[in-house]
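Asker:
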Amino acid sequence: MRLEDHLHLIRNVPDFPKPGILFKDITPMLAHGPALRACIDDMIDGTAGFKADVILGIESRGFLFAAPMAYATARGVILVRKPGKLPARVVKQEYALEYGTDTIEIHADAVRQGDRVVIIDDVLATGGTARAAADLVLKCGGTIAGYGFLGEIGFLEGRKRLTDAPVISLIRW
Ligand code: AMP
């Protein structure tokens, strides 16, 4: 079966994690073997043209896609995590939220000079997180090969912050 046949497995949860947010809950899709495989296969196909050397997953749901994509294509996976999780020397990037700021981190040696990195997450919303991840890669001397998302919340226009490389998403809400 194709990904289109499984879209009902993504559940809309209103007002989570706070009022006014319609949360796209992908856990029923992750729990369904053929649906999960269709997602991974389509993300591999969709990003193949980026010619990336390495796959970057954004904590935490991005890891669920980045690692199997990396495994299936015999590339490495690198992690962008919330503060305080990575044990060795890190590079940090702060980014703006609706109210306040957040920070993400990468190991300082995770990206080699000139590496072409594809940035993977489950949902593209405002694009702030993916932009911050890309800025970490740039700080470490890598280049952005592209961005890949399972789904994209179109009206939030996250793509406008990711104009430095091609963006693919399998589902547009
Ligand atoms: P943003 O930085 O606004 O693009 O948000 C992206 C991050 O927040 C991703 O890691 C998503 O998993 C999560 N996220 C933001 N909005 C939603 C939403 N409506 N449903 C599910 N996840 C979301």
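Using this note's numbering, the letters of the sequence shown map in sequence onto residues 19 to 191. Where a beta carbon is used, it is the ideal one built from N, C-alpha and C, also for glycine.
(1) Any heavy atom of the ligand AMP within a distance shorter than 7 Å of the CB on T147?
(2) Pick helix, strand or coil for K110, following the three-state DSSP scheme.
(3) Considering only the beta carbon of each residue, do C57 and L21 sit closer than 8 Å?
(4) Tell me the rounded alpha-carbon separation between F83 and D140.
(5) Determine the burial state of K172: buried for a count of at least 16 other Cβ atoms within 10 Å of its Cβ, exposed for fewer.
(6) Nearest to L27 by alpha carbon, out of L48, F41, H125, A88?
(7) Distance, Cα to Cα, D63 vs I96?
(8) Which same chain residues end up closer than 6 Å to F167 when comparing Cβ atoms and leaving out the 5 residues on each side of it in sequence?
(9) Taking 7 Å as the cut-off, is the CB of K42 close to at least one heavy atom of the ligand AMP?
Answerer: On the basis of the coordinates in this document:
(1) For the purposes of this step, residue 147 is identified with residue 129 of the sequence shown, where counting begins at 1. For T147, the Cβ falls inside the 7 Å cut-off from some heavy atom of the ligand AMP.
(2) To locate residue 110, count along the sequence shown from 1; it is residue 92. Strand.
(3) Taking the sequence shown and counting its residues from 1, the one referred to as residue 57 is at position 39. Taking the sequence shown and counting its residues from 1, the one referred to as residue 21 is at position 3. In this structure, L21 lies closer than 8 Å to C57 by Cβ.
(4) By one-based count along the sequence shown, residue 83 stands at place 65. By one-based count along the sequence shown, residue 140 stands at place 122. The straight-line gap from Cα to Cα measures roughly 7 Å.
(5) One-based indexing of the sequence shown puts residue 172 at position 154. Before going further, note that residue 172 is Gly rather than Lys in the sequence given. Result: exposed.
(6) Sequence index remark: in the sequence shown, residue 27 carries index 9 (1-based). Here the closest residue by C-alpha is L48.
(7) Position 45 of the sequence shown holds residue 63. Position 78 of the sequence shown holds residue 96. If I take the Cα positions, the gap works out to 20 Å.
(8) Reading the sequence shown from its first residue, position 149 is the one you call residue 167. Answer for F167: D139, L142, S187, listed in chain order.
(9) Position 24 of the sequence shown, counting from 1, holds the residue named residue 42. Yes, the beta carbon of K42 sits closer than 7 Å to at least one heavy atom of the ligand AMP.
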